[in-house]
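Here the structure comes first, spelled out in structure tokens, and everything after it is commentary.
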Amino acid sequence: MALLTPLLAFLYHLPQVYKWLLKPYYVASLFMSIAFLMIRKTPGICEHLSTQREDGNPCDFDWREVEILMFLSAIVMMKNRRAITVEQHVGNIILFSKVANVILFFRLDIRMGLLYLTLCIVFLMTCKPPLYMGPEYIKYFNDKTIDDELERDNRVTWIVEFFANWSPECQSFAAVYADLSLKYNCAGLKFGKVDVGRYGEVSKKYKVSTSPLSKQLPSLVLFQGGKEVMRRPQVDKKFRAVSWSFTEENIIREFNLNELYQKSKKLNKTKGDGGDKINESQFPTETETKKDK
Numbered sequence: 001m002a003l004l005t006p007l008l009a010f011l012y013h014l015p016q017v018y019k020w021l022l023k024p025y026y027v028a029s030l031f032m033s034i035a036f037l038m039i040r041k042t043p044g045i046c047e048h049l050s051t052q053r054e055d056g057n058p059c060d061f062d063w064r065e066v067e068i069l070m071f072l073s074a075i076v077m078m079k080n081r082r083a084i085t086v087e088q089h090v091g092n093i094i095l096f097s098k099v100a101n102v103i104l105f106f107r108l109d110i111r112m113g114l115l116y117l118t119l120c121i122v123f124l125m126t127c128k129p130p131l132y133m134g135p136e137y138i139k140y141f142n143d144k145t146i147d148d149e150l151e152r153d154n155r156v157t158w159i160v161e162f163f164a165n166w167s168p169e170c171q172s173f174a175a176v177y178a179d180l181s182l183k184y185n186c187a188g189l190k191f192g193k194v195d196v197g198r199y200g201e202v203s204k205k206y207k208v209s210t211s212p213l214s215k216q217l218p219s220l221v222l223f224q225g226g227k228e229v230m231r232r233p234q235v236d237k238k239f240r241a242v243s244w245s246f247t248e249e250n251i252i253r254e255f256n257l258n259e260l261y262q263k264s265k266k267l268n269k270t271k272g273d274g275g276d277k278i279n280e281s282q283f284p285t286e287t288e289t290k291k292d293k
């Protein structure tokens with residue numbers, strides 16, 4: 001039963017997975033990930049490759065190649081234990097498959113290794129994973145609007161994600177955060193995002209490092225009355241981010257979203273009774289938010 005449940009869940013979401021994987025970025029990544037396999041197994045090409053197999057068969061992996069692939073597979077399995085979305089699982093597989101291909105191609109022929117490495121660098125610079133385009137109820141801030149919005153109404157609690165479009169972790173977390181906004185957004189509890197990769201002054205003011213080595217992207221910060229109450233991941237005295245898993249369950253528990261939501265709904269009733277109607281138009285539509293990004 002423990003294996004049947006995730007299998008049924010995978011089959012249920014299979015059409016969405018196919019649609020997602022057929023995007024050009026993932027199609028190209030797939031071909032780059034299996035490049036060495038295709039070269040080693042394609043008749044007419046593999047016959048011209050060198051091999052260390054005892055039987056001299058150049059169209060099959062030798063013992064060293066198998067050893068490299070097994071080692072990289074173990075690393076992928078360890079990394080995927082902390083992955084929380086399909087995007088992260090696939091991203092880890094693609095990343096380490098490319099690493100394995102670089103090693104294998106250099107071992108086979110330095111010219112092929114240089115060519116493949118060059119293709120990887122060009123792909124990295126020109127192609128980015130597709131951004132999340134699903135439904136959400138999130139307001140996107142810039143450097144001029146974030147402070148005013150957070151301080152507009154002291155009764156409103158804000159959860160703000162500080163992110164950068166170039167960060168794979170932020171891209172993977174986008175769907176999780178969007179789902180939380182759909183479940184918990186109300187008059188007294190709102191969700192926002194600000195691109196600190198684009199607005200450097202915001203990252204400095206709210207002390208969110210945009211360095212790829214900082215592990216602070218994404219950062220979730222809870223604001224009440226315009227003041228920061230808590231954030232995840234936490235930052236220690238040496239300004240290093242404490243490791244934290246951005247799962248939906250962790251966020252609901254750590255930020256106490258269920259209790260916050262119940263209290264925030266009371267604000268909605270108060271506003272309705274007092275004639276202070278919430279202005280739903282202050283939240284941009286899905287199309288508008290994508291344009292702002």
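The opening position of the sequence shown corresponds to residue 1 in full-length UniProt numbering, with each subsequent residue numbered one higher.
Every residue gets a Cβ at the ideal spot worked out from N, C-alpha and C, and that includes glycine.
On the DSSP bridge list, what partners appear for residue i?
i	result
lysine 139	Gly192
phenylalanine 162	Val194, Ser219
alanine 241	Val235
glutamine 224	Thr157, Lys227
Would you kindly report the start and end of the unbroken alpha helix (DSSP H) that includes residue i?
i	result
lysine 227	Looking at the DSSP string, lysine 227 is not in any alpha helix (DSSP H); the run it does join, the beta strand (DSSP E), is 227-232.
glutamate 54	From DSSP, glutamate 54 is part of no alpha helix (DSSP H); its letter is neither H nor E.
glycine 113	110-126
valine 176	168-184
leucine 72	63-80
valine 27	24-33
glycine 200	200-205
leucine 213	No alpha helix (DSSP H) contains leucine 213, which DSSP labels as neither H nor E.
asparagine 256	Taken as a continuous stretch (DSSP letters only), asparagine 256 belongs to no alpha helix (DSSP H), as it is neither H nor E.
glutamate 47	Note, glutamate 47: premise wrong, no alpha helix (DSSP H); not H, not E.
Hey, would you say residue i sits closer than 8 Å to residue j, going by beta carbons?
i	j	result
phenylalanine 163	proline 233	no
tyrosine 206	alanine 178	no
glutamate 67	proline 58	no
isoleucine 251	leucine 260	no
residue 295	phenylalanine 96	Since the first and last residues shown for the chain are 1 and 293, residue 295 lies out of range.
tyrosine 199	asparagine 154	no
valine 90	leucine 72	no
How long is the line joining the alpha carbons of residue i and residue j, rounded to whole angstroms?
i	j	result
asparagine 92	lysine 183	29 Å
methionine 32	serine 172	21 Å
glutamate 65	leucine 104	7 Å
lysine 144	glycine 226	15 Å
glutamate 248	aspartate 109	46 Å
arginine 231	tyrosine 140	18 Å
phenylalanine 255	leucine 222	8 Å
lysine 238	arginine 81	28 Å
leucine 30	isoleucine 94	7 Å
valine 208	threonine 42	49 Å
Going by beta carbon distance, what residues of the same chain come within less than 7 Å of residue i, once the five residues before and after it are set aside?
i	result
alanine 35	Asn101, Tyr116
tryptophan 166	Gly197
serine 264	Thr157, Cys186, Ala187, Gly188, Leu189
alanine 74	none
methionine 112	Phe105
Residues in its own chain within less than 6 Å of residue i by CB, not counting five upstream and five downstream?
i	result
proline 129	Tyr25, Gln171
glutamate 161	Tyr177, Lys193, Pro218, Leu220
aspartate 62	Thr51, Gln52, Arg53
serine 181	Glu136, Tyr137, Ile138, Phe191
alanine 28	none
glutamate 201	Asp143
Just to confirm my understanding: we take residue i, look at its own chain, exclude 5 residues before and 5 after, and list those with CB closer than 8 Å. What are they?
i	result
methionine 70	none
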